[in-house]
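>
In our numbering, the protein residues as written are 110 to 288.
1. Under 8 angstroms by Cβ, that's how I've got residue 194 and residue 201 pegged, so tell me the actual separation to the nearest angstrom.
2. Which first and last residues belong to the alpha helix (DSSP H) in which residue 112 is found?
3. Could you check whether residue 128 and residue 176 sit closer than 7 angstroms to each other, using their CB atoms as the reference points?
4. Report the rounded CA-to-CA distance for residue 282 versus residue 230, giving the unit in angstroms.
5. Beta-carbon within less than 8 angstroms of residue 197's beta-carbon, same chain only, minus the 5 sequence neighbours each way: which residues are those?
6. Under 7 angstroms Cβ to Cβ from residue 249, same chain only, skipping five residues before and after it: list those, please.
7. Looking at the secondary structure, which residues open and close the alpha helix (DSSP H) in which residue 176 lies?
8. Would you kindly report the start and end of the unbroken alpha helix (DSSP H) that includes residue 213?
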């Protein structure tokens, strides 16, 4: 049974790769995805404050990890699909999960010191991403929603930001108290 599944997965990958070569790579949608991946990291490299770099980077890695896992689950349950991918060997939501989303959170974390400031910027980011960015991605066919709604994304952005900041601040406090 496992061998049969592996053979089917290989066939599916070859079909996806062929489609990517013929219909996706170097299209305007593909170039947008490339920009979505590269530009946030360029901005981070140029604008990040060096004194809190590692802590903010850890925040982003935690966001990246959770976002990627949830994206894989969402794809598996057909909540959404990515009609165009950056590279077929990468996770389908790669530019979003590995760049757009974590880097935004990293900036918010790094440039706010209080829960009030963090929450305000998080709210602005969640509103912009859920009700401006995602509709743009839907309109440009970078993502297609089946069983997902923009309000779900808004709530997700808020919960992830609050949870990870709380967790990371507890870790930092623990580290500082045991030393």
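We treat Cβ as the ideally placed atom computed from N, Cα and C, and that holds for glycine. Everything numeric in this text was worked out from a predicted model, so none of it was measured.
So, from the data block:
1. Right, the Cβ-Cβ distance comes to about 5 angstroms (below 8 angstroms), so this counts as a contact.
2. Counting along the chain, the unbroken alpha helix (DSSP H) around residue 112 starts and ends at 111-128.
3. Contact: no.
4. Rounded to whole angstroms, residue 282 to residue 230 spans 23 angstroms at the Cα level.
5. Taken in chain order, the residues that qualify are 122, 125, 126, 129.
6. Cβ-Cβ distances below 7 angstroms link residue 249 to 138, 141 in the same chain, with the five nearest sequence neighbours on each side left out; the list follows chain order.
7. For residue 176, the enclosing alpha helix (DSSP H) covers residues 162-185.
8. Looking at the DSSP string, the run of the alpha helix (DSSP H) that includes residue 213 is 210-220.
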